[in-house]
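Numbering (my numbering), first residue to last: 1 to 681.
Virtual Cβ for every residue (Gly too), placed ideally from N, Cα, C.
First up is the structure itself, then whatever we jot down about it.
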């Protein structure tokens, strides 16, 4: 995040003010328009005057009169057009807040409000308002914003919390640097580091040699015998960059003594030790032993590329990993019962999930974060699957004493979603060709070879394609243009090239999602009587509310979680547990819905508090207009299964959710929940 963009934006704005004025304008007038001090405006005008002189434009300054540009009207119009094309973007509050956080994290000493005001070309009052957000953001990571008169601002907290927050900020930053990167440097990048992330790395750590770090991580992969996923690869590189900078600032991580002994037994520790040795030589710093252990944790918790074959299938089943196999089986059974599908025979799901769970437990035990770049999409496209994956929290808590966060839930949901797609029937396909039999059969053979899920029903000329045929089949693939508009029809070339295959694959994905939604809707309608019976005692008008949404999200949750505690649904500590868990890991599940809940020790009886917001509130970068505070006992697997089976059949019904959000009163909301979207006559 560079300040150059800001300076150029302000200069552009002042230059445009001068160009648009035929008459003199005072510094005070410009100051009022731009909301900067007259002293700062004069500095900018000095720079603008120098640049305009090079363009042959004279800047006339007259005391008590003002400033005026001397040029022809034709030149003025031309310059105005150029400036308008270039444009300018004023700082958003998000930009300022991220700049403040980055500055405080990256500065070895304190930083004053005055300096931030000058950096960002805004008033101290604006900075003070931004600091309210900054303080709340830091509190989520167990950090505190300190402020002392005549000394400035700084961040306090544990070194681990400091680094976790730095990592989160790095991923939240928007890449906005205009700085070019050497093409030779780009060509040397690993395929897992995309251009945007590399620019962000250079923006966050401008003096760090990432090619050296990259080569160290690549060699570590060779020694370990496996490769990291794209996200894990970038995570490890960013972690090492943070480690190097913090060591240079003489800030060291603290590791518990018992963790030393556990980690030293692993192969990852041996590789980590080699990495630390190499990095200390390359960057000419002394790296303490604690960093070796901490890097080992990141290697153990890194998500690896899953190469699922018979060899690693047998290896996993004949090793100490059996605990993760049993863990995966339990998850598969629970999710299958909630979604009412049999996933128990899917060996690819079992292996993929077991391979995923081992590093997951390491991450959760030691507070390591792995961001899921598909989180938003998974929440949107697989609501019921994502919800069923949330129910697995009961197994995590019982087996390992840890709770899952939304990124980890989404990874599990993705494994389940892929497995469910494998359950879908084959895609009934008709191929339409205008060429001879030989060419038609060649197209059919190539499609069968590359897309095995296609069940080719027939290969026909265009004149035999009827509405009935389109209706009876899932997909119509044509090598000639078809004027008829239908979502089942896709056009390809007779060559059946890579682009054609990609187009068909995307269409197949659409078909599978459509099938899954149709099946879910039918099952939902069948289960309404059973669902109503189960939810009647949990969803009641007494705990259903409509709010305007004028308060902060956490304040709303606190208000009603406290009510549930007072009313005896939760015991003392229920409200605090709900808030603590929400701060630690958001329970936003998509579609503007959040499901805050406590740990089960504070649950006295099952209950749901429904809060519909007329005006959405922002939480975790999402607009929330429906909050469901849950009181559940996750250790009761049967109860959990029944609850989520019914609850998520409701949440997966888009039409029902729309009706609930548009309901006029509390009674309508409860009736819609219990009657599957229908109101009583």
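6 Å Cβ shell around residue i - same chain, five flanking residues per side excluded
i	result
residue 142	157, 161
residue 255	290, 293
residue 154	110, 146
Burial state of residue i (16 or more Cβ within 10 Å)
i	result
residue 625	buried
residue 120	buried
residue 448	exposed
residue 187	exposed
residue 164	buried
residue 690	With the chain represented from 1 up to 681, any question about residue 690 goes unanswered, as that position is not in the structure.
residue 462	exposed
residue 183	exposed
residue 214	buried
residue 285	exposed
residue 379	buried
residue 405	buried
residue 544	buried
residue 87	Because residue 87 sits at a pLDDT of 43, beneath the cut-off of 50, its placement in the model cannot be relied upon, and the following sentence gives the value as read from the coordinates. With fewer than 16 Cβ atoms within 10 Å of its Cβ, residue 87 is classed as exposed.
residue 95	buried
residue 144	exposed
residue 396	buried
residue 557	buried
residue 92	exposed
residue 361	buried
residue 472	exposed
residue 586	buried
residue 223	exposed
residue 63	exposed
residue 77	exposed
Coil, strand or helix - residue i by DSSP
i	result
residue 665	coil
residue 458	strand
residue 192	coil
residue 332	helix
residue 228	strand
residue 614	strand
residue 496	coil
residue 689	Not covered by the structure: residue 689. The range shown for the chain is 1 to 681.
residue 427	strand
residue 325	helix
Run of the beta strand (DSSP E) containing residue i, from where it starts to where it stops
i	result
residue 623	622-631
residue 547	544-547
residue 588	588-590
Extent of the continuous alpha helix (DSSP H) to which residue i belongs
i	result
residue 33	27-34
residue 387	383-391
residue 569	No alpha helix (DSSP H) contains residue 569, which DSSP labels as neither H nor E.
residue 215	210-224
residue 358	347-365
residue 576	574-584
residue 267	267-282
residue 138	124-139
residue 403	Note, residue 403: premise wrong, no alpha helix (DSSP H); not H, not E.
residue 103	93-106
residue 470	467-472
residue 258	257-263
residue 184	183-187
Residues that residue i bridges to, as DSSP identifies them
i	result
residue 478	432, 491
residue 111	153
residue 68	60
residue 597	630
residue 144	156
residue 607	631
residue 304	228
Contacts around residue i, its chain only, beta-carbon distance under 7 Å, and the 5 residues preceding and following it disregarded
i	result
residue 536	674
residue 522	Note on residue 522: pLDDT 48, under 50, position unreliable in the model; the coordinate value appears next. Counting only Cβ-Cβ distances below 7 Å, and skipping sequence neighbours, we find nothing.
residue 417	382, 385
residue 259	293
residue 427	453, 454, 455, 474, 475, 508, 511
Closer than 6 Å: residue i CB and nearest the ligand ADP heavy atom
i	result
residue 26	For the structure depicted, the ligand ADP is absent and the ligand set is empty, with no information on it obtainable.
Cutoff 8 Å; reference residue i; Cβ partners in own chain excluding five residues on either side
i	result
residue 539	608, 610, 670, 673, 674
residue 661	592, 612, 625, 626
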